[in-house]
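Asker:
In the working numbering, the protein residues as written are 5 to 68.
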């Protein structure tokens with residue numbers, strides 16, 4: 005059975021932390037900031053930390 009290619013879309017969006025969790029940027033940060041209040045924009049700066057079953061699936065897709 006040959007090795008599976010990693011999904012390049014996943015490897016571009018997620019980074020693995022030292023403890024093995026996955027981090028990614030939040031969506032809805034690109035434009036249309038006039039309609040968002042300060043609290044929304046501040047919370048969009050925080051990254052999403054993924055763990056559990058979803059992280060296991062993503063890690064398999066990354067080939068790690």
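The beta-carbon is built from N, C-alpha and C at its ideal position, and this holds for glycine as well.
#1: Can we say the stretch 54 to 66 touches the stretch 23 to 30, given the rule of at least three CB pairs closer than 8 Å?
#2: Leaving aside the five residues before and after residue 11 along the sequence, list all residues of the same chain whose C-beta is less than 6 Å from its C-beta, in chain order.
#3: To which residues does DSSP link residue 53 through a beta bridge?
#4: With DSSP collapsed to three states, give me the class of residue 64.
#5: Residue 33 by DSSP, collapsed to three states: which one?
Answerer: Reading off the structure:
#1: yes
#2: Counting from 1 along the chain shown, the entry for residue 11 is found at position 7. Around residue 11: 65.
#3: As a working mapping, residue 53 is identified with position 49 in the chain shown. Bridge partners of residue 53: 27.
#4: Position 60 of the chain shown, counted from the first residue, corresponds to residue 64. Looking at residue 64 - three-state DSSP - the assignment turns out to be helix.
#5: Within the chain shown, the letter at position 29 stands for residue 33. Reduced to three states, the DSSP call for residue 33 is coil.
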